[in-house]
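> My questions will all concern the structure given below.
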Amino acid sequence: MAATRRAQIVPSILSADLAKIGEHLDAVKRAGVTWVSVDVMDGHFVPNLSFGPDFVKLCKKRGFFVDAHLMVSNPETVYPWFTDAKADIVSVHVEACEAPAKTLEGIRKRGAKCGLAIKPKTPIEKFLPFIGQIDLALVMTVEPGFGGQKFMADMLPKIERLSAERDSRKLDYWIQVDGGIDSGTIDKAFKAGADSLVAGSAVFSAPDPEAAARELIKKIS
Ligand code: DX5
1 MAATRRAQIV
11 PSILSADLAK
21 IGEHLDAVKR
31 AGVTWVSVDV
41 MDGHFVPNLS
51 FGPDFVKLCK
61 KRGFFVDAHL
71 MVSNPETVYP
81 WFTDAKADIV
91 SVHVEACEAP
101 AKTLEGIRKR
111 GAKCGLAIKP
121 KTPIEKFLPF
131 IGQIDLALVM
141 TVEPGFGGQK
151 FMADMLPKIE
161 RLSAERDSRK
171 LDYWIQVDGG
181 IDSGTIDKAF
191 KAGADSLVAG
201 SAVFSAPDPE
211 AAARELIKKI
221 S
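Laid out in structure tokens, this is it:
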């Protein structure tokens with residue numbers, strides 16, 4: 001199943017100019033983007049504060065497929081707000097879950113697909129026990145919290161491992177990469193096996209977000 005999956009560029013609205021969020025979303029839609037990512041930060045799990053479920057509703061209203069990336073210390077409390085907002089995928093951090101398997105099951109029970117995210121310093125061994133029950137594996141290639149950081153190439157083996165496990169165990173999950181993805185780093189992540197490539201500043205901090213999104217889409221087509 002995964003073999004038939006077409007890789008996607010997933011703009012992250014964290015880096016969008018909120019004064020013109022509508023224009024920015026329309027621009028990436030014109031480029032062919034169908035999936036956007038909403039970074040949710042609680043000022044505790046990461047040293048930043050960002051969006052609530054209303055931003056998911058805003059993106060859904062514009063017809064996007066939406067993943068909510070919960071960078072929060074209490075994902076068990078927070079994820080229902082995002083399934084209620086009709087996020088298509090809700091991703092939680094393996095580092096923040098008391099019982100990852102239970103949380104992932106809870107997300108699915110509320111009608112969304114479930115994602116599990118891993119920070120750079122967390123060994124992949126802590127993540128692998130849960131890959132049989134996820135719809136998306138999110139490999140952070142920056143320390144979570146801020147857009148515009150440098151891509152951490154030493155995270156590539158995690159992507160390669162998840163790709164190998166998906167094939168050998170005939171599993172079916174997206175491999176999402178998030179952090180520092182731009183025209184100079186996207187090839188490495190894509191070749192390693194990522195098929196959902198989150199790009200924030202490379203798209204929305206560009207003078208022409210539509211053209212920037214088109215360029216990244218071309219690189220993985
Ligand atoms: C970090 C955020 C960022 C964002 C992407 O917590 O998750 O990675 O989505 O930002 P860029 O593409 O600018 O690194």
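Under our numbering, the sequence shown has 196 at position 196, and the numbering climbs by one with no breaks.
Ideal Cβ placement from N, Cα and C applies to all residues, glycine included.
(1) Assuming Ala194 contacts Ile159 (C-beta within less than 8 Å), just tell me the rounded distance between them.
(2) Measuring CB atoms only, is the stretch 64 to 73 touching the stretch 35 to 52, in the sense that at least three cross pairs come out at less than 8 Å?
(3) In the DSSP assignment, find the unbroken beta strand (DSSP E) run with Ser15 in it and report its ends.
(4) When the Cα of Glu95 is compared with those of Gly106, Phe82, Glu76 and Pro80, which residue comes out closest?
(5) Relative to the ligand DX5, is the shortest distance from any of its heavy atoms to the C-beta of His69 smaller than 7 Å?
(6) Could you tell me whether any non-hydrogen atom of the ligand DX5 is closer than 7 Å to the CB of Thr63?
(7) When the Cα of Ile13 is compared with those of Val198, Pro157 and Arg214, which residue comes out closest?
(8) Going by beta carbon distance, what residues of the same chain come within less than 6 Å of Arg169, once the five residues before and after it are set aside?
(9) To the nearest angstrom, report how far apart Gly132 and Lys61 are at their CA atoms.
(10) Tell me the residue span of the alpha helix (DSSP H) that contains Ser163.
(11) For Glu210, which residues in the same chain have their Cβ closer than 8 Å to its Cβ, ignoring the five residues on either side in sequence?
(12) Between Thr83 and the rest of its own chain, which residues show a CB-CB distance below 7 Å, the 5 nearest in sequence each way excluded?
(13) List the endpoints of the continuous beta strand (DSSP E) containing Ala137.
(14) Since Met41 sits in a beta bridge, which residues does DSSP pair it with?
(15) Would the C-beta of Phe146 count as close to the ligand DX5, meaning under 7 Å from any of its heavy atoms?
(16) Flag this pair as yes or no: are the beta carbons of Val56 and Pro144 separated by less than 8 Å?
(17) Given 7 Å as the limit, tell me if Ala199 has its C-beta closer than that to any heavy atom belonging to the ligand DX5.
Checking against the coordinates, here is how it stands:
(1) Confirmed, about 5 Å.
(2) Cβ pair count under 8 Å is three or more, so yes.
(3) Ser15 -> no beta strand (DSSP E), and no H or E assigned at all.
(4) Put simply, of Gly106, Phe82, Glu76 and Pro80 the residue whose alpha carbon is nearest the alpha carbon of Glu95 is Glu76.
(5) For the ligand DX5, at least one heavy atom lies less than 7 Å from the Cβ of His69.
(6) One point to set straight first is that residue 63 is Gly, not Thr, in the sequence displayed. Result no, Cβ not under 7 Å from the ligand DX5.
(7) Per the Cα distances, Val198.
(8) Within the same chain, and ignoring the five residues on either side of Arg169 in sequence, no residue has its Cβ closer than 6 Å to its Cβ.
(9) The straight-line gap from Cα to Cα measures roughly 32 Å.
(10) That run of the alpha helix (DSSP H) goes Leu156 to Ser168.
(11) Hits under 8 Å: Ala27, Val28, Arg30 and Ala31.
(12) Cβ within range, chain order: Val90, Ile107, Arg110, Gly111 and Ala112.
(13) Leu136 to Met140 is the extent of the beta strand (DSSP E) around Ala137.
(14) Met71, per the DSSP bridge assignment.
(15) The ligand DX5 has a heavy atom closer than 7 Å to the beta-carbon of Phe146.
(16) Contact annotation: Val56 and Pro144 have beta-carbon atoms that are not nearer than 8 Å.
(17) Result yes, Cβ under 7 Å from the ligand DX5.
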